[in-house]
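What follows is a short report on a single structure.
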Amino acid sequence: MYVYSAPAMRQRVRALRDALAGLDAGIRYAVKANGNGAVLRLLAEEGAGADIVSGGELERALRAGIAASDIVFSGVGKSDAEIALALDVGIGRFNIESRAELDAIQRIAAARGVTAVASVRINPDVDAKTHAKISTGKAENKFGVSIAEARAWFDAKAQWPDVRLDGLHMHIGSQLLSLDPVREALARMAAFWKELAAAGHAIASIDVGGGLGVRYREGEQAPDAREYADAIRQALAGFGGRILVEPGRWLVAEVGILLTRVLLEKHGQARSFLVLDAAMNDLLRPSLYDAWHDIVPVGAAAGRETAVYDVVGPVCET
Ligand SMILES: Cc1ncc(COP(=O)(O)O)c(C=O)c1O
């Protein structure tokens with residue numbers, strides 16, 4: 434069973450909102466971090482919008498009471514049906530990741546007689562210094578397009594008359610424990626925004642993505658929300674449009690726990706095992722990202738005997 438603290442989650446959103454105070458900034462919660470309906474409803478009550486990457490996430494966000502206009506649609510693989518659904522509900526903004534997607538949005542918007550509002554996802558080619566599987570802002574990654582390609586889109590935007598291309602987006606990776614890569618990527622995006630503005634392209638929205646890391650392991654130091662907001666404030670000083678942030682993990686990871694029971698002890702030939710009723714299907718991060726999660730007894734640990742075990746679950750991977 435997963436247990437989440439509503440007050441702790443509210444505290445997180447409010448802390449981020451406070452840190453961003455003074456900026457015309459909106460929070461677009463990355464639904465992939467936790468798409469549970471109760472979580473989404475709570476975040477909606479706190480005024481957060483949503484960052485989605487599928488039609489399913491779009492429907493969940495709408496069902497939770499998040500206004501379509503407060504939803505942005507990211508992701509490299511949007512299907513025609515998902516694009517059509519997003520246009521039909523009046524989604525706030527597409528974060529476009531490829532030329533093929535831009536063409537598809539143009540075709541589908543034209544067929545429906547509507548204008549799609551869109552940002553280009555820039556791939557700033559910055560090393561986020563996080564796990565390779567959640568590093569998304571290097572040139573070799575599948576995400577976003579180069580600044581050179583984005584420049585060409587803006588210069589030729591009359592080719593896509595039913596797409597209002599007036600925003601920039603980036604997301605360089607997740608579980609960022611240092612703000613240096615964020616600052617570097619923001620600087621590249623800010624320089625590009627200024628270049629576009631000087632060339633006469635109105636930029637209404639800059640979405641800086643998510644990525645703010647959390648502390649999983651003793652000794653790890655997660656960045657502070659205020660420092661993060663200051664980095665945005667500094668890089669985008671003078672920007673007159675709307676700033677969007679897409680945190681996922683930072684809002685929910687540290688406010689929840691997975692509760693599990695010990696089913697039995699097994700003393701094997703070479704090791705001792707503690708077999709739980711939760712397995713890697715309930716908590717995929719260690720096997721997917723080599724992630725560390727503390728395992729702590731629910732009751733008082735003081736005075737108990739200690740022993741070393743391999744802690745395992747009932748699914749069939751070793
Ligand atoms: C486009 C986009 N925005 C935001 C996020 C959220 O990242 P995080 O949970 O690290 O804040 C992700 C995560 O993969 C993402 O792909």
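Quick note on my numbering: the sequence shown kicks off at 434 and runs consecutively. Yeah, the Cβ is synthetic: ideal placement off N, Cα and C, and Gly gets one too.
- Excluding its 5 nearest sequence neighbours in each direction, R447 has C-beta neighbours in its own chain below 8 Å: E479, listed in chain order.
- Non-local C-beta neighbours of R450 in its own chain, meaning closer than 6 Å and more than five positions away in sequence, are absent.
- The closest heavy atom of ligand 1 lies 7 Å or more from the beta carbon of D657.
- In the structure shown, E738 falls within a coil segment according to DSSP collapsed to helix, strand and coil.
- For I499, there is no enclosing alpha helix (DSSP H), as DSSP gives it neither H nor E.
- Remark: the shortest separation between the CB of E530 and any heavy atom of ligand 1 does not fall under 7 Å.
- Counting only residues of its own chain and dropping the five nearest sequence neighbours on each side, V745 has a CB closer than 6 Å to the CB of F706, V708.
- The Cβ-Cβ distance between G468 and G482 does not fall below 8 Å.
- Contact between A477 and I499 holds: their C-beta atoms lie close to 5 Å from each other, under 8 Å.
- In the three-state DSSP reduction, Y437 falls in the strand class (E or B).
- L520 is not a Cβ neighbour of I504, given a cutoff of 8 Å.
- In the pairwise beta carbon analysis, the stretch 551 to 567 is classified as touching the stretch 615 to 630: at least three pairs are separated by under 8 Å.
- Taking C-alpha positions only, T751 is separated from V509 by approximately 33 Å.
- The Cβ atoms of S607 and T563 lie closer than 8 Å to each other.
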